[in-house]
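Here is the structure we will look at.
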Amino acid sequence: MSRMATFNYQSGIRDGESFSKNLVKELLSYSKYLLFWLFLCMLSGYMYLRYASRTYLTGAKIILQDEKKPSGEMSGLPEFSDLAKRSVSSAGFVKDQIEVIKSRSFLRNLVLEKSLQYKYYLQGRILEKEITEFESPIQLIVKDKIMFHRPYQFSIKVNNSSVYIKEPKSEWREHKSGILLKLPIGHVNIVIRKNDWNGTIIIRYLPLQHAVNEIQEQMTIGKKGEIKSFLVPISMRTNNKRKAEIIINGLIQQYNRSRTQDKLSIYKETGDFISTRFEIIEKYLKSIDNKKYRLKSKRGSEELKTMVDISLKNLSLGQKKVLDLKTSLYMIESFIGYISNNNVILPVNLGLNERSISLQVEEYNKRIIDLIDLSRYVGKEHPEYIVSEKTVSEMRNSIKRALENLKINLLHQINSFDYQNDLDDSYLKSYPEREDNFQKMFRDEKVIEAIYFFLLKKIEQNKLIINAEPVNLKIVDTAYSFSSPISPRPIRVFLICLGIGIVAPILMIYIKNAFDNKINSPEDLQDLPVPLIGTLPRSAVVGLERHLDSGFTESLRMVRTNIPYMLGRTEVAGAKKILVTSSIPSEGKSFVSVNLATIHSLAGYRVLLIGADLRAPNLSRYLTSQPDDRTNGLSDYLAGNVPYEALLQKDTGPREIDVIFSGTVPPNPAELLLNGRIERLLEHYSGKYDYIILDSAPYSKVTDTQIIVPLVDLTLYVVRAGVHDKNYIRQLKIYFNSRKFGRTGLILNDFEEKRTFSKIVGNKIL
Numbered sequence: 001m002s003r004m005a006t007f008n009y010q011s012g013i014r015d016g017e018s019f020s021k022n023l024v025k026e027l028l029s030y031s032k033y034l035l036f037w038l039f040l041c042m043l044s045g046y047m048y049l050r051y052a053s054r055t056y057l058t059g060a061k062i063i064l065q066d067e068k069k070p071s072g073e074m075s076g077l078p079e080f081s082d083l084a085k086r087s088v089s090s091a092g093f094v095k096d097q098i099e100v101i102k103s104r105s106f107l108r109n110l111v112l113e114k115s116l117q118y119k120y121y122l123q124g125r126i127l128e129k130e131i132t133e134f135e136s137p138i139q140l141i142v143k144d145k146i147m148f149h150r151p152y153q154f155s156i157k158v159n160n161s162s163v164y165i166k167e168p169k170s171e172w173r174e175h176k177s178g179i180l181l182k183l184p185i186g187h188v189n190i191v192i193r194k195n196d197w198n199g200t201i202i203i204r205y206l207p208l209q210h211a212v213n214e215i216q217e218q219m220t221i222g223k224k225g226e227i228k229s230f231l232v233p234i235s236m237r238t239n240n241k242r243k244a245e246i247i248i249n250g251l252i253q254q255y256n257r258s259r260t261q262d263k264l265s266i267y268k269e270t271g272d273f274i275s276t277r278f279e280i281i282e283k284y285l286k287s288i289d290n291k292k293y294r295l296k297s298k299r300g301s302e303e304l305k306t307m308v309d310i311s312l313k314n315l316s317l318g319q320k321k322v323l324d325l326k327t328s329l330y331m332i333e334s335f336i337g338y339i340s341n342n343n344v345i346l347p348v349n350l351g352l353n354e355r356s357i358s359l360q361v362e363e364y365n366k367r368i369i370d371l372i373d374l375s376r377y378v379g380k381e382h383p384e385y386i387v388s389e390k391t392v393s394e395m396r397n398s399i400k401r402a403l404e405n406l407k408i409n410l411l412h413q414i415n416s417f418d419y420q421n422d423l424d425d426s427y428l429k430s431y432p433e434r435e436d437n438f439q440k441m442f443r444d445e446k447v448i449e450a451i452y453f454f455l456l457k458k459i460e461q462n463k464l465i466i467n468a469e470p471v472n473l474k475i476v477d478t479a480y481s482f483s484s485p486i487s488p489r490p491i492r493v494f495l496i497c498l499g500i501g502i503v504a505p506i507l508m509i510y511i512k513n514a515f516d517n518k519i520n521s522p523e524d525l526q527d528l529p530v531p532l533i534g535t536l537p538r539s540a541v542v543g544l545e546r547h548l549d550s551g552f553t554e555s556l557r558m559v560r561t562n563i564p565y566m567l568g569r570t571e572v573a574g575a576k577k578i579l580v581t582s583s584i585p586s587e588g589k590s591f592v593s594v595n596l597a598t599i600h601s602l603a604g605y606r607v608l609l610i611g612a613d614l615r616a617p618n619l620s621r622y623l624t625s626q627p628d629d630r631t632n633g634l635s636d637y638l639a640g641n642v643p644y645e646a647l648l649q650k651d652t653g654p655r656e657i658d659v660i661f662s663g664t665v666p667p668n669p670a671e672l673l674l675n676g677r678i679e680r681l682l683e684h685y686s687g688k689y690d691y692i693i694l695d696s697a698p699y700s701k702v703t704d705t706q707i708i709v710p711l712v713d714l715t716l717y718v719v720r721a722g723v724h725d726k727n728y729i730r731q732l733k734i735y736f737n738s739r740k741f742g743r744t745g746l747i748l749n750d751f752e753e754k755r756t757f758s759k760i761v762g763n764k765i766l
């Protein structure tokens with residue numbers, strides 16, 4: 001018995017084997033399936049790369065101009081470098097322009113200009129490929145466009161110069177090329193560009209807002225973080241490189257046009273203002289010339305010459321200053337009259353010496369342009385427009401107050417210089433009244449001439465500014481597309497598939513083992529006080545054939561080899577009696593009994609198999625010989641109805657074993673087993689056989705097995721893998737510690753073998 005306690009069936013496995021090591025072993029046992037799974041993952045990655053829609057990155061770079069330098073034909077002339085005066089750019093300016101470029105109003109205009117509401121797809125055998133309107137073999141001309149507010153799709157098929165159209169929920173219809181068709185999106189004309197082309201084109205119409213939303217989602221303008229330069233990158237992620245290049249280049253052109261139009265509108269207003277004032281001054285100057293002519297006709301030329309000489313000699317520096325001041329005063333008064341009009345663009349570069357007023361005018365013009373744009377899209381009743389209009393009004397009043405203050409200052413200066421001029425003119429008071437009038441007329445003429453030449457100069461300057469109109473941006477890189485797609489990336493896809501192919505099985509097996517609380521392996525039984533003498537792998541074989549070479553047969557041979565060690569070296573008179581039982585039904589005790597008898601028979605032993613389970617006989621499922629109503633069994637003998645000789649049955653199959661079936665199911669099997677006849681039966685056949693194997697009832701359900709246990713030499717307790725929770729081991733310990741079984745060995749049945757050949761021998765050594 002001490003040797004039984006030391007029987008070690010697991011001598012090939014070290015105690016305390018780590019969970020990770022067991023996991024690796026289990027993975028290796030599934031190596032074929034894992035390799036097949038890995039192959040499927042890599043094949044899936046290849047198929048995904050083969051048919052997935054590719055996304056390309058298209059980008060462009062522009063530099064917003066600092067608006068200080070002119071461009072065009074005048075950009076090379078240093079003397080004109082100060083004519084194109086612009087506000088100094090800043091980080092705020094760049095942010096504002098980025099918002100303008102990606103605004104919905106810009107994108108709406110771009111969608112309408114480039115007809116981006118219509119998307120063309122070339123139908124392939126499996127996938128659809130998006131192409132541009134210029135690449136399409138079919139030209140779609142939409143006349144009388146209708147702002148359809150739902151997506152719409154139709155297909156066009158060309159076959160031997162015939163055009164077929166398929167609308168939603170309709171069949172293919174034949175049409176002639178060039179015929180005007182009526183569709184929900186408007187009247188369309190379909191023209192075949194390539195007569196030798198046969199195929200199908202799918203055209204999808206997107207409502208305007210949907211098309212704008214799609215472009216906004218695909219486009220990225222500017223860099224993240226703090227803006228430190230005027231460089232603005234523009235990029236798009238699309239499936240069609242050519243279409244993205246068209247969109248980006250079109251957006252840049254549209255922004256440049258818009259900025260140019262805004263600035264030209266300021267210069268136009270300035271030119272109109274100067275031209276109007278110039279015409280008035282020109283008429284007034286002509287009237288003075290006429291008066292001088294008439295006066296010269298009445299007075300002698302010599303006398304007039306003398307008067308002019310006297311006036312020129314007495315003209316002091318103060319009088320010249322008065323001319324300049326009155327010129328400025330005239331411009332200010334004209335400007336004040338002009339600014340009284342609400343929400344108009346103010347003229348710039350009028351020679352106002354006050355820098356603060358010039359800056360206010362420039363800022364005011366910017367706000368006016370923004371206000372005009374805002375009124376187009378949101379209306380004048382929108383709260384944002386009302387707030388902006390109030391801000392513009394306050395700025396206009398501020399400019400007007402500044403001009404009024406400047407006017408008062410100029411009047412004070414003119415009065416001061418006039419007083420000095422009056423002192424100088426006192427010398428001329430001796431002249432007659434007509435000479436005095438001529439002198440006054442001469443001074444007025446000089447003032448008007450100064451204003452005239454000033455306005456003439458400003459007209460020329462404004463023309464030069466328009467001719468030297470600066471560009472709003474510099475294109476560093478036009479739209480260009482990378483040849484390699486950014487999605488999907490082959491290396492990344494294959495790495496992901498490789499990771500899934502490796503990690504997923506590991507994770508699944510780990511989770512399976514972590515949540516598996518069943519008795520599945522010999523390691524789960526190693527804490528029991530009885531030895532494990534064998535494991536029977538899962539097998540579809542019901543019985544054994546002679547010379548059958550399989551893992552299941554080898555496992556039975558291992559059990560057969562270990563049984564003598566369990567019985568010990570003590571000589572047992574007669575047959576060795578072995579009882580096979582289990583805790584509950586369906587654990588395979590009858591299956592084990594039949595195959596254990598067969599494996600001993602194959603070794604040349606004489607074997608008798610007795611069906612001792614009188615309540616639920618099950619031996620006939622695994623034997624070739626089948627009992628009938630006339631077949632006598634153990635229960636019939638125990639009841640005293642038949643003698644020994646009437647019980648034996650020969651198995652008609654390849655097994656050379658004798659069988660005693662259970663017989664008729666009695667109402668009192670326990671009482672029959674206690675009448676002493678089973679002892680006489682075993683004694684009678686003990687001398688005729690080498691092994692008597694009894695297939696008994698489940699131990700934990702009835703008392704039948706406990707009655708038979710004292711009559712046998714060895715009890716084999718069958719535990720089926722995957723049936724009992726590991727907590728059941730505590731109950732088995734109670735059974736075996738009660739010492740009711742005598743010599744006992746465990747057999748793990750239906751074990752899912754993970755290795756090709758088990759080197760496990762046991763966990764206790766006899």
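Quick note: the sequence shown uses our numbering, first residue 1, plus one each step.
Just so you know, even glycine gets a beta-carbon here, dropped at the ideal spot from N, CA and C.
Since this is a predicted model, take the numbers as computed values, not measurements.
- Positions of the alpha helix (DSSP H) runs, each at least 4 residues long and wholly inside the stretch 146-220, are given as 208-218 in order along the chain.
- By the Cβ-count criterion, residue 622 is buried, with 16 or more other Cβ atoms from all chains shown falling within 10 Å of its own Cβ.
- Burial check for residue 741: the Cβ neighbour count within 10 Å reaches 16 or more, so the residue is buried.
- With respect to residue 120, residue 201 sits close: the two C-beta atoms are nearer than 8 angstroms.
- Residue burial annotation: residue 383 is exposed, with fewer than 16 other C-beta atoms found within 10 angstroms of its C-beta.
- In the structure shown, residue 747 falls within a strand segment according to DSSP collapsed to helix, strand and coil.
- Taken through DSSP and simplified to helix, strand or coil, residue 107 comes out as helix.
- In the structure shown, residue 127 adopts coil according to DSSP, grouped into three states.
- Cβ neighbours of residue 284 within its own chain (closer than 8 angstroms, five residues either side excluded): 448.
- Taking the C-beta atoms as reference points, residue 657 is found no nearer than 8 angstroms to residue 648.
- For residue 670, the uninterrupted alpha helix (DSSP H) segment begins and ends at 669-673.
- Boundaries of the beta strand (DSSP E) around residue 581: 576-582.
- Taking residue 191 as reference, the option from 141, 238, 150 and 155 with the minimal CA-CA separation is 141.
- About 7 angstroms separates the Cβ atoms of residue 634 and residue 614, confirming a contact at the 8 angstroms cut-off.
- Collapsing the DSSP output to three states places residue 59 in a strand.
- By alpha-carbon distance to residue 230, the top candidate from 173, 212, 209 and 98 is 98.
- Under the Cβ criterion (8 angstroms, minimum of three pairs), the stretch 710-723 does not count as touching the stretch 598-618.
- In the structure shown, residue 687 adopts coil according to DSSP, grouped into three states.
- Here residue 253 is not bridged, per DSSP, to any residue.
- Under the DSSP assignment, residue 619 falls outside any beta strand (DSSP E); it carries neither an H nor an E label.
- Here residue 447 carries a helix assignment [DSSP, helix/strand/coil].
- Just so you know, the alpha carbons of residue 355 and residue 458 end up roughly 18 angstroms apart.
- The beta carbon of residue 705 sits closer than 6 angstroms to those of 581, 696, 697 and 699, all from its chain and outside the five residues before and after it, given in chain order.
- Per the coordinates, the alpha-carbon of residue 562 lies some 56 angstroms from the alpha-carbon of residue 48.
- When the Cα atoms are used, residue 631 and residue 642 turn out to be separated by approximately 11 angstroms.
- Within the same chain, 388, 391, 392 and 395 come within 8 angstroms of residue 367 by CB-CB distance, once the 5 residues on both sides are set aside.
- The beta carbon of residue 254 sits closer than 8 angstroms to those of 106, 109, 110 and 113, all from its chain and outside the five residues before and after it, given in chain order.
- Restricting attention to 556, 523, 526 and 532, the CA atom closest to the CA of residue 538 is found in 556.
- The C-beta distance from residue 748 to residue 522 rounds to 6 angstroms, short enough to meet the 8 angstroms contact threshold.
- Where residue 481 is concerned, the enclosing beta strand (DSSP E) starts and stops at 473-481.
- Below 8 angstroms, enough C-beta pairs join the stretch 479-495 and the stretch 32-48 to call them touching: three or more.
- Boundaries for residue 516: no alpha helix (DSSP H) harbours it, and the DSSP string shows neither H nor E there.
- Only residues of its own chain outside the window of five on either side were considered, and among them 455 have a CB closer than 6 angstroms to the CB of residue 278, listed in chain order.
- Annotation for residue 102: 221 place their beta carbon closer than 6 angstroms to its own, counting only its chain and skipping 5 residues before and after.
- In this chain, the alpha helix (DSSP H) harbouring residue 95 covers 91-101.
- Residues of the same chain with a CB within less than 7 angstroms of the CB of residue 323, apart from the 5 flanking positions on each side, are 446, 447 and 450 in chain order.
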